[in-house]
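Right, one structure below, let's go through it.
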Amino acid sequence: MTEADVRPAYPPELRTLLDGRWRRVRELAREHLRGERFRPVAGLGAEEHRERVFEQLKEIAATDMSAYGFATEYGGEDDVGASVVAFESLVCDLSLMVKVGVQWGLFGGAIQALGTDRHHAAYLPRVISLELPGCFAMTETGHGSDVQRLRTRAAYDPATEEFVVTTPDDAARKDYIGNAARDGRMAVVFAQLATPGDEHGVHALLVPIRDADGSPMPGVRIADCGPKAGLNGVDNGRLWFDSVRVPREALLNRYGDVAPDGTYSSPIDSDNRRFFTMLGTLVRGRISVAGGAGGATKAALAIAVKYAGVRRQFDRPGTGEEVVLLDYRAHQRRLLPALARTYALHFAQEELVTALHERHSGEGERTRDERGQRELEARAAGIKALATWHATRTIQTCREACGGAGYLQENRLPQLKADTDVFTTFEGDNTVLLQLVAKGLLTDYRQEFGDLDPLGMARFAAGQFLGAVIERTAARSLIERLVSAAPGRGDTSDLYDRGWQLGLFEDREKHVLDGLARRLRRAGSSGADAFEVFNEAQDHVLAAARAHMERVVLEAFVAAIDRCGDAEARDLLDRVCDLFVLSAVEEDRAWFLEHERLTATRAKSVTQEVNRLCARLRPHAEALVDAFGMPDEWLAAPIALGAEERRRQGRGAAPGR
5 MTEADVRPAY PPELRTLLDG RWRRVRELAR EHLRGERFRP VAGLGAEEHR
55 ERVFEQLKEI AATDMSAYGF ATEYGGEDDV GASVVAFESL VCDLSLMVKV
105 GVQWGLFGGA IQALGTDRHH AAYLPRVISL ELPGCFAMTE TGHGSDVQRL
155 RTRAAYDPAT EEFVVTTPDD AARKDYIGNA ARDGRMAVVF AQLATPGDEH
205 GVHALLVPIR DADGSPMPGV RIADCGPKAG LNGVDNGRLW FDSVRVPREA
255 LLNRYGDVAP DGTYSSPIDS DNRRFFTMLG TLVRGRISVA GGAGGATKAA
305 LAIAVKYAGV RRQFDRPGTG EEVVLLDYRA HQRRLLPALA RTYALHFAQE
355 ELVTALHERH SGEGERTRDE RGQRELEARA AGIKALATWH ATRTIQTCRE
405 ACGGAGYLQE NRLPQLKADT DVFTTFEGDN TVLLQLVAKG LLTDYRQEFG
455 DLDPLGMARF AAGQFLGAVI ERTAARSLIE RLVSAAPGRG DTSDLYDRGW
505 QLGLFEDREK HVLDGLARRL RRAGSSGADA FEVFNEAQDH VLAAARAHME
555 RVVLEAFVAA IDRCGDAEAR DLLDRVCDLF VLSAVEEDRA WFLEHERLTA
605 TRAKSVTQEV NRLCARLRPH AEALVDAFGM PDEWLAAPIA LGAEERRRQG
655 RGAAPGR
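Residue numbers (my numbering): 5 to 661.
Structure representation (structure tokens):
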């Protein structure tokens with residue numbers, strides 16, 4: 005078998021399916037983010053990198069990309085889904101990806117989501133054009149994930165009709181703020197809002213931080229966070245406010261307003277509900293980070309798979325030839341299950357972006373109800389956690405799989421690793437986010453079954469009533485049909501039955517959630533402290549959230565396969581989906597064995613089938629990464645672009661590579 009024999013082209017329908025609803029956006033990104041301006045460059049100093057990224061940002065501001073997520077009346081395209089897809093396409097430099105996210109996702113997105121017409125008209129056209137570079141000043145040194153307890157203060161002064169914004173101490177300084185150290189001129193500042201004699205919780209205000217000449221505004225102190233492990237093209241800074249006065253109209257007042265005399269009003273009576281409603285409107289940032297992590301993971305896999313397809317090590321006995329790395333089962337096991345999970349997360353991300361878009365545009369069912377928003381926020385939290393943890397683990401695996409070559413800056417993997425490491429805490433720490441997912445599940449559980457009165461407990465014991473908690477997320481009728489037709493615990497062939505796979509993931513989710521609810525109920529009825537009860541059960545909480553999200557991801561993959569109209573592509577995706585499922589089962593086989601969902605013999609069969617699937621997919625590995633549509637210029641890694649072949653042929657690397 006020659007190397008050419010094991011690298012068939014991917015079916016065109018596969019690229020079409022992966023590009024999905026926003027194919028035009030992906031194609032435009034592939035077309036425009038090319039050439040010297042957007043070529044990945046390694047080894048830049050921080051200031052040089054920042055300058056390069058800001059110049060790239062100007063180039064993007066001259067395209068449609070900056071306008072995708074904004075309303076048409078202010079120069080936008082009113083296509084939120086396109087804005088997220090464009091963001092995740094910025095793989096050429098993740099510093100640029102983050103800078104785009106700060107300017108048009110966080111800063112502009114907050115003005116659009118939390119402001120009203122007066123803010124939209126005054127600021128959005130200048131945000132879109134980059135005439136007004138901005139920051140999103142939420143995080144404080146003393147409070148990161150706990151936004152509700154931020155300590156920056158905005159006190160209203162009726163005598164001047166101004167808010168006085170103050171940083172009471174260093175714990176309340178705004179920290180890690182993108183665009184603050186160098187380029188930002190205005191910030192959306194989250195602060196505790198106070199009117200005479202009353203407190204109203206966290207609100208957002210527009211606060212100028214630099215004048216037209218780039219000097220800090222009076223009362224504003226700015227410091228550079230300094231060099232970071234990665235993303236050094238982003239100018240993260242710190243902000244302090246010393247009694248900075250801004251006009252009453254600076255308050256982004258969609259959910260809370262202050263009249264000239266200091267009277268506070270809000271369409272939402274509850275402070276808690278108002279706070280979480282405000283945060284919920286900013287969910288696009290979390291979804292974008294998940295997509296960005298997916299893009300970086302795809303690039304790393306493309307580099308590692310392409311290199312493994314040509315790099316040779318150790319003789320094959322009796323042939324006189326060295327073995328290609330990707331022919332080793334251990335190497336396949338490193339890369340191919342990760343590739344399968346990347347496909348699964350891609351389709352889950354696509355569904356998430358579609359849900360966000362439809363909610364924003366009013367398309368589809370349940371686009372405006374509170375439960376629909378809550379479901380979107382929970383799914384965004386879960387996908388973000390899974391996608392960013394997967395990126396961290398997979399990029400490290402790809403680095404190791406490329407040996408010393410993977411450690412060289414020129415081959416991009418070290419930079420991808422460094423740049424994505426912070427994604428696990430961007431837009432919320434992943435562990436905290438999974439707790440939010442679990443709390444949402446428990447809320448649905450409680451709403452469905454109340455406090456479990458004696459009748460409820462009887463039903464619980466009978467195990468007959470949890471079906472309503474498990475809500476399908478994709479292709480509902482198809483999933484139901486597959487699960488209903490699934491065989492029982494039979495021979496190895498059943499491992500490939502899609503209904504059995506879906507049922508197994510669903511059963512695990514139900515069992516873990518059942519056990520968690522029972523555990524919390526039992527501890528709560530004993531009169532124990534509520535914090536201690538939840539704290540003691542955090543391992544169980546996180547397990548419930550993970551089980552739920554893996555089921556959601558699998559359903560998205562199954563729905564995508566169902567949409568595929570090409571038989572060849574569908575057959576290939578079926579095998580990739582099987583590898584995702586069985587490698588996930590193998591990874592959690594201790595749970596399946598402990599809870600008697602698998603026998604020891606069947607668990608061994610799972611491992612054997614993962615090996616077989618790796619062997620079956622090995623000839624298609626490069627086609628599967630090519631289908632992601634990453635131009636060579638975005639990969640920019642010599643080991644993925646022919647350097648190894650040239651070395652073996654004695655010709656060396658190409659000039660400039």
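All C-beta atoms in this analysis are idealised placements derived from N, C-alpha and C, irrespective of residue type, glycine included.
All values derive from a computational prediction rather than experimental measurement.
Query: Taking the continuous beta strand (DSSP E) assigned at M190, which residues delimit it?; Result: 190 to 199
Query: With 16 as the cutoff for other CB atoms within 10 Å, does P458 come out buried or exposed?; Result: Summary for P458: the model assigns pLDDT 38, below 50, so the residue's position carries little reliability, and this model does not support an answer.
Query: DSSP state of T170, grouped into three classes?; Result: strand
Query: What is the DSSP secondary structure of S70, reduced to helix, strand or coil?; Result: helix
Query: Expressed to the nearest angstrom, what Euclidean distance is found between the alpha-carbon atoms of D161 and D239?; Result: 33 Å
Query: Which one of D423, V426, N415, T156 has the shortest CA to CA distance from T145?; Result: T156
Query: Is the closest heavy atom of the ligand PLP to the C-beta of V206 under 7 Å?; Result: The ligand content of the structure shown is nil, which means the ligand PLP is not present either.
Query: Just how far apart, CA to CA, sit L440 and R383?; Result: 10 Å
Query: I need the DSSP call for V250, collapsed to helix, strand or coil.; Result: strand
Query: Please list, in chain order, all residues of the same chain as F91 whose beta carbon is under 7 Å from its beta carbon, the five residues on each side excluded.; Result: M101, V104, G105, G109, S292, G295, G296
Query: Excluding five sequence neighbours on each side, which residues of the same chain lie with their C-beta closer than 6 Å to the C-beta of S365?; Result: none
Query: Any idea what DSSP makes of V328, helix, strand or coil?; Result: strand
Query: Taking the alpha-carbon of N257 as reference, which of L118, V327, T346 has the nearest alpha-carbon?; Result: L118
Query: What three-state label does DSSP hand I565 in the structure shown?; Result: helix
Query: I need the straight-line Cα distance from L390 to T435, nearest angstrom please.; Result: 10 Å
Query: For the alpha helix (DSSP H) containing D97, list its first residue and its last residue.; Result: Note, D97: premise wrong, no alpha helix (DSSP H); not H, not E.
Query: In angstroms with no decimal places, state the Cα-to-Cα distance between R652 and R345.; Result: 33 Å
Query: Apart from the five residues on each side of it in sequence, which residues of its chain come closer than 8 Å, Cβ to Cβ, to L154?; Result: M142, E144, H147, A176, F194, A195, Q196, V206
Query: Which residue wins for smallest C-alpha separation from G138, given the options V168, E63, G503, F58?; Result: F58
Query: Per the contact definition of three or more C-beta pairs closer than 8 Å, is the segment 70 to 80 in contact with the segment 36 to 53?; Result: no
Query: Rounded to whole angstroms, how far is the Cβ of R523 from the Cβ of A541, which I believe are closer than 8 Å?; Result: 6 Å
Query: For D215, does the count of other Cβ atoms within 10 angstroms reach 16, so buried, or fall short, so exposed?; Result: exposed
Query: Determine the extent of the beta strand (DSSP E) in which R318 is found, giving its start and end residues.; Result: Correcting the residue type first, residue 318 is Phe in the shown sequence and not Arg. Note, F318: beta strand (DSSP E), 316 to 320.
Query: Could you have a look at V224 and say whether DSSP puts it in helix, strand or coil?; Result: strand
Query: Where I643 and G407 are concerned, what is the direct C-alpha to C-alpha distance, given to the nearest angstrom?; Result: 11 Å
Query: Quick one: what does DSSP say L18 is sitting in, helix, strand or coil?; Result: helix
Query: In whole angstroms, what is the alpha-carbon distance linking P212 and S133?; Result: 18 Å
Query: My understanding is that G386 touches L438, with C-beta atoms under 8 Å, so please give their C-beta distance in whole angstroms.; Result: 7 Å
Query: Skipping 5 residues on each side, what residues in its chain have a beta carbon closer than 7 Å to that of D582?; Result: Y500, L617
Query: Comparing C-alpha positions only, which one of L446, Q505, A521 sits nearest to L602?; Result: Q505
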